[in-house]
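Okay, so the sequence shown: first residue is 1 according to full-length UniProt numbering, each after it adds one.
In this text, a Cβ means the ideal position worked out from N, Cα and C, and glycines have one as well.
What you are looking at is a predicted structure, and each value in this text was computed from that prediction instead of being measured.
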Amino acid sequence: MTREEYILLYEKYVDGRCTVEEIKILENYKDDFSIDTVYYWDEAKLGNEELFKRKALSRVQQQIKQSKIVRFNWKKYAAACAVFVVISSISVFLYNTNQDIELKPVAIKKESTEPPSNMPVLTLDDGKKISLTDSSIDLVYNETGGVISKPEGNELVYAEMSGRDNGIKYNTLSVPKGMSYKVALSDGSTVWLNAGSTLRYPVVFASFERKVELYGEAYFEVEKNETKPFKVIVNKSEVEVLGTIFNINAYHKEVTRTTLLEGSVRLKGERSQVILKPGQMGVDSGAGTIALRKANVESITDWKNGLFMFDDENLESILEKVAQWYGVEIQYIGKASSDYLYYGRLERTVPLEEILKSIQLTGKAKFEIVTDKMSGKERRVIVTSYK
Numbered sequence: 001m002t003r004e005e006y007i008l009l010y011e012k013y014v015d016g017r018c019t020v021e022e023i024k025i026l027e028n029y030k031d032d033f034s035i036d037t038v039y040y041w042d043e044a045k046l047g048n049e050e051l052f053k054r055k056a057l058s059r060v061q062q063q064i065k066q067s068k069i070v071r072f073n074w075k076k077y078a079a080a081c082a083v084f085v086v087i088s089s090i091s092v093f094l095y096n097t098n099q100d101i102e103l104k105p106v107a108i109k110k111e112s113t114e115p116p117s118n119m120p121v122l123t124l125d126d127g128k129k130i131s132l133t134d135s136s137i138d139l140v141y142n143e144t145g146g147v148i149s150k151p152e153g154n155e156l157v158y159a160e161m162s163g164r165d166n167g168i169k170y171n172t173l174s175v176p177k178g179m180s181y182k183v184a185l186s187d188g189s190t191v192w193l194n195a196g197s198t199l200r201y202p203v204v205f206a207s208f209e210r211k212v213e214l215y216g217e218a219y220f221e222v223e224k225n226e227t228k229p230f231k232v233i234v235n236k237s238e239v240e241v242l243g244t245i246f247n248i249n250a251y252h253k254e255v256t257r258t259t260l261l262e263g264s265v266r267l268k269g270e271r272s273q274v275i276l277k278p279g280q281m282g283v284d285s286g287a288g289t290i291a292l293r294k295a296n297v298e299s300i301t302d303w304k305n306g307l308f309m310f311d312d313e314n315l316e317s318i319l320e321k322v323a324q325w326y327g328v329e330i331q332y333i334g335k336a337s338s339d340y341l342y343y344g345r346l347e348r349t350v351p352l353e354e355i356l357k358s359i360q361l362t363g364k365a366k367f368e369i370v371t372d373k374m375s376g377k378e379r380r381v382i383v384t385s386y387k
């Protein structure tokens with residue numbers, strides 16, 4: 001591989017377009033071009049991701065030419081600094097408004113921690129519970145008015161049977177931490193459930209409305225039907241649509257975040273209601289009012305595509321997502337610093353310790369993964385934060 005080819009491939013990596021095989025090539029050739037060191041610069045965060053990409057590539061090119069760490073010190077941008085960390089297939093940016101940061105690798109303790117392996121459960125209307133393991137592929141269950149099938153993969157499909165109306169029967173799908181699940185409802189709408197989420201829904205919807213109940217997080221693509229509005233009941237809120245694409249995050253009982261991608265939805269709180277436009281997020285904190293915010297749709301919905309996306313998030317917010325996916329408890333020793341914001345994207349198949357290592361290399365936190373000696377199942381991440 002030539003120097004120029006390596007630069008072009010690395011540009012794809014910085015832009016998030018590399019395949020797994022291309023990332024392996026980068027790893028294999030990194031020693032030949034001496035760019036596996038950490039490099040950094042003093043620069044203001046200008047809120048422009050393309051600027052970061054361009055300067056990261058420029059830094060790689062200079063590193064190849066000079067084969068040593070290069071420091072830039074533009075005093076006119078001394079109000080802030082940015083640090084770009086490269087670890088295996090993980091890219092993380094750290095922004096700090098107070099001081100320069102020098103990255104030092106620190107080993108992560110304990111063995112590899114993979115996502116938990118427990119299976120999702122489908123609860124039928126009569127209370128019967130079905131574990132949706134791989135062995136249940138192709139099984140078909142007849143419920144009153146509808147048919148449930150499970151094709152290969154993490155998916156359930158419902159189909160309405162004509163000529164039967166013996167009352168509404170409900171199913172409940174519970175997804176454990178460490179996986180997501182897709183369910184195609186009888187009306188043609190599709191719901192993706194995130195880890196640790198539960199959806200309760202009719203096998204066949206009523207003639208006048210379509211109503212489901214959600215705990216956790218889900219991404220909805222609702223089939224348009226102007227005569228039968230689609231409603232999602234979550235915490236103390238109600239989301240009403242006719243046909244649209246949106247995401248709801250309601251892991252916290254006190255807070256519900258609804259993000260609209262396409263169409264229009266009406267959010268109803270206890271004392272107010274608002275109409276969302278595409279690109280907006282409505283936040284119901286349980287106080288009766290709904291706040292509107294501009295949403296980073298890509299960051300919010302990347303979980304559906306098997307990715308973590310951190311967009312200017314502090315340590316506590318990131319570890320909350322990590323805990324939800326890997327099924328671990330987060331224990332803080334001291335208060336987590338909110339002075340540092342992270343940006344990064346990575347696959348959710350990455351081992352837990354790799355994510356923690358990427359954060360630990362910033363020098364702003366230290367982690368230890370521990371396992372309960374009695375049960376062998378409870379797992380905790382002990383976090384020590386540095387100012």
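Next on the checklist: Please tell me whether residue 197 and residue 170 are closer than 8 angstroms, where the distance is taken between their beta carbons.
Outcome noted: To locate residue 197, count along the sequence shown from 1; it is residue 197. To locate residue 170, count along the sequence shown from 1; it is residue 170. Taking 8 angstroms as the Cβ cut-off, residue 197 and residue 170 do not qualify as a contacting pair.
Next on the checklist: I'd like to know if the stretch 145 to 155 and the stretch 283 to 303 are in contact, where contact means that at least 3 CB-CB pairs between them fall below 8 angstroms.
Outcome noted: Flag = no, the stretch 145 to 155 and the stretch 283 to 303 do not touch.
Item to check | residue 293 versus residue 379 - alpha carbon distance | outcome: Here residue 293 refers to the residue found at position 293 when the sequence shown is read from its first residue. Here residue 379 refers to the residue found at position 379 when the sequence shown is read from its first residue. So the alpha carbons of these two residues sit roughly 35 angstroms apart.
Checklist entry - With distances taken between CB atoms, is the gap from residue 267 to residue 239 smaller than 8 angstroms? => result By one-based count along the sequence shown, residue 267 stands at place 267. By one-based count along the sequence shown, residue 239 stands at place 239. Cβ distance < 8 angstroms, so residue 267 and residue 239 count as in contact.
Item to check | Span of the beta strand (DSSP E) around residue 352 | outcome: Here the question's residue 352 lines up with position 352 in the sequence shown. Secondary structure note for residue 352: it is in no beta strand (DSSP E), and the uninterrupted alpha helix (DSSP H) holding it is 352 to 360.
Checklist entry - Which residues in the same chain have their Cβ closer than 6 angstroms to the Cβ of residue 303, if we skip the five residues on either side of it in sequence? => result The residue given as residue 303 occupies position 303 in the sequence shown. Only 194 meet the Cβ criterion.
Item to check | C-alpha gap between residue 329 and residue 208, whole angstroms | outcome: Here residue 329 is taken as the residue at index 329 of the sequence shown, counted from 1. Here residue 208 is taken as the residue at index 208 of the sequence shown, counted from 1. The straight-line gap from Cα to Cα measures roughly 43 angstroms.
Item to check | Distance, residue 25 Cα to residue 9 Cα | outcome: On the sequence shown, position 9 is the one that residue 9 refers to. On the sequence shown, position 25 is the one that residue 25 refers to. Roughly 9 angstroms separates the two Cα atoms.
Checklist entry - Quick one, are the C-beta atoms of residue 333 and residue 259 less than 8 angstroms apart? => result Locating residue 333 in the sequence shown gives position 333, where the first residue counts as 1. Locating residue 259 in the sequence shown gives position 259, where the first residue counts as 1. No, the Cβ-Cβ distance between residue 333 and residue 259 is not below 8 angstroms.
Checklist entry - From residue 232 to residue 364, what does the alpha carbon distance come to, in whole angstroms? => result Translated into positions along the sequence shown, residue 232 becomes position 232. Translated into positions along the sequence shown, residue 364 becomes position 364. Cα-Cα distance, rounded: 40 angstroms.
Item to check | residue 302 (DSSP reduced to helix, strand or coil) | outcome: On the sequence shown, position 302 is the one that residue 302 refers to. In the displayed model, residue 302 falls within a helix according to three-state DSSP.
Item to check | Distance CB(residue 350)-CB(residue 369) smaller than 8 angstroms | outcome: In the sequence shown, counting from the first residue as 1, residue 350 sits at position 350. In the sequence shown, counting from the first residue as 1, residue 369 sits at position 369. Not in contact: residue 350 and residue 369 (Cβ atoms no closer than 8 angstroms).
Checklist entry - To which residues of the same chain is residue 155 closer than 6 angstroms at the C-beta, ignoring the five residues directly before and after it? => result The residue labelled residue 155 in the question sits at position 155 within the sequence shown. Answer for residue 155: 182, listed in chain order.
Next on the checklist: What would DSSP say about residue 331, mapped onto helix, strand or coil?
Outcome noted: Start at 1 with the first residue of the sequence shown, and residue 331 comes out as number 331. Correct three-state label for residue 331: strand.
Item to check | Nearest-angstrom beta carbon gap, residue 224 and residue 242 [assumed within contact, 8 angstroms] | outcome: Here residue 242 corresponds to residue number 242 of the sequence shown, with the count starting at 1. Here residue 224 corresponds to residue number 224 of the sequence shown, with the count starting at 1. The pair is a contact, with the Cβ atoms about 6 angstroms apart (cut-off 8 angstroms).
Checklist entry - If residue 201 sits next to residue 212, beta carbons under 8 angstroms apart, how far is it from one beta carbon to the other, in whole angstroms? => result As a working note, residue 201 is residue 201 in the sequence shown. As a working note, residue 212 is residue 212 in the sequence shown. The beta carbons of residue 201 and residue 212 sit about 4 angstroms from each other, so the pair counts as a contact at 8 angstroms.
Item to check | Complete runs of the beta strand (DSSP E) confined to the stretch 249 to 276 [at least 3 residues] | outcome: Restricting attention to beta strand (DSSP E) runs no shorter than 3 residues, the stretch 249 to 276 encloses them at 256 to 262, 265 to 268, 273 to 276, ordered along the chain.
Item to check | Range of the contiguous beta strand (DSSP E) that encloses residue 221 | outcome: To locate residue 221, count along the sequence shown from 1; it is residue 221. 210 to 221 is the span of the beta strand (DSSP E), which, as asked, contains residue 221.
Item to check | Classification of residue 321 by the beta-carbon crowding that lies within 10 angstroms, buried from 16 upward | outcome: Translated into the one-based positions of the sequence shown, residue 321 becomes position 321. Residue 321 comes out buried.
Checklist entry - Just reading off the alpha helix (DSSP H) that residue 319 is part of, what are its end residues? => result Walking along the sequence shown from the start, residue 319 turns up at place 319. Note, residue 319: alpha helix (DSSP H), 315 to 326.
Item to check | Simplified DSSP assignment, three categories, for residue 297 | outcome: Counting from 1 along the sequence shown, the entry for residue 297 is found at position 297. If DSSP states are grouped into helix, strand and coil, residue 297 belongs with the helices.
Checklist entry - Is the beta carbon of residue 456 sitting closer than 8 angstroms to the one on residue 356? => result As shown, the chain starts at 1 and ends at 387. That puts residue 456 outside it, with no answer to give.
Checklist entry - How long is the line joining the alpha carbons of residue 120 and residue 229, rounded to whole angstroms? => result If you number the sequence shown from 1, residue 120 lands on position 120. If you number the sequence shown from 1, residue 229 lands on position 229. In a straight line, the C-alpha of residue 120 is about 28 angstroms away from that of residue 229.
Next on the checklist: Between the alpha carbons of residue 122 and residue 319, how many angstroms are there, rounded?
Outcome noted: On the sequence shown, position 122 is the one that residue 122 refers to. On the sequence shown, position 319 is the one that residue 319 refers to. Near 29 angstroms, if we compare the C-alpha coordinates of residue 319 and residue 122.
Checklist entry - Given that a residue counts as buried once 16 or more other Cβ atoms are within 10 Å of its Cβ, and exposed if not, what is residue 249? => result The residue labelled residue 249 in the question sits at position 249 within the sequence shown. By the 10 Å Cβ count, residue 249 comes out buried.
Item to check | Beta-ladder partner(s) of residue 310, from DSSP | outcome: One-based indexing of the sequence shown puts residue 310 at position 310. BP columns for residue 310 point to 344.
Item to check | Cβ distance (whole Å) where residue 247 is taken to contact residue 301 below 8 angstroms | outcome: For this step, residue 247 is matched to residue 247 along the sequence shown. For this step, residue 301 is matched to residue 301 along the sequence shown. Indeed, because the Cβ distance is near 5 angstroms, the residues count as touching under 8 angstroms.
Checklist entry - Can you give the Cα-Cα distance for residue 128 and residue 142, rounded to whole angstroms? => result What you label residue 128 is simply residue 128 of the sequence shown in a count that begins at 1. What you label residue 142 is simply residue 142 of the sequence shown in a count that begins at 1. Cα to Cα, the separation comes out at about 13 angstroms.
Checklist entry - Can you give the Cα-Cα distance for residue 130 and residue 175, rounded to whole angstroms? => result In the sequence shown, the residue the question calls residue 130 occupies position 130. In the sequence shown, the residue the question calls residue 175 occupies position 175. Using only the alpha carbons, I get a separation of about 12 angstroms.
Item to check | Of the listed residues 270, 278, 257, 290, nearest to residue 244 (C-alpha basis) | outcome: In the sequence shown, counting from the first residue as 1, residue 244 sits at position 244. For residue 244, the nearest C-alpha among the options comes from 278.
Item to check | Residue burial classification, residue 186 (beta-carbon count within 10 angstroms, cutoff 16) | outcome: Working through the sequence shown from its first residue, we reach residue 186 at position 186. Label assigned to residue 186: buried.
Checklist entry - Nearest CA to the CA of residue 347: which residue from 270, 289, 179? => result Working through the sequence shown from its first residue, we reach residue 347 at position 347. That would be 179, whose Cα lies nearest to the Cα of residue 347.
Checklist entry - Roughly how many angstroms separate the alpha carbons of residue 188 and residue 371, rounded to a whole number? => result Sequence index remark: in the sequence shown, residue 188 carries index 188 (1-based). Sequence index remark: in the sequence shown, residue 371 carries index 371 (1-based). Those two C-alpha atoms are separated by around 43 angstroms.
Checklist entry - Which one or two residues does DSSP pair with residue 291 in a beta bridge? => result Working through the sequence shown from its first residue, we reach residue 291 at position 291. The partner list for residue 291 (beta bridge, DSSP) reads 283.
Checklist entry - Where does residue 373 sit, in a helix, a strand or coil, going by DSSP? => result As a position in the sequence shown, residue 373 is number 373, starting the count at 1. DSSP places residue 373 in coil when its eight states are reduced to three.
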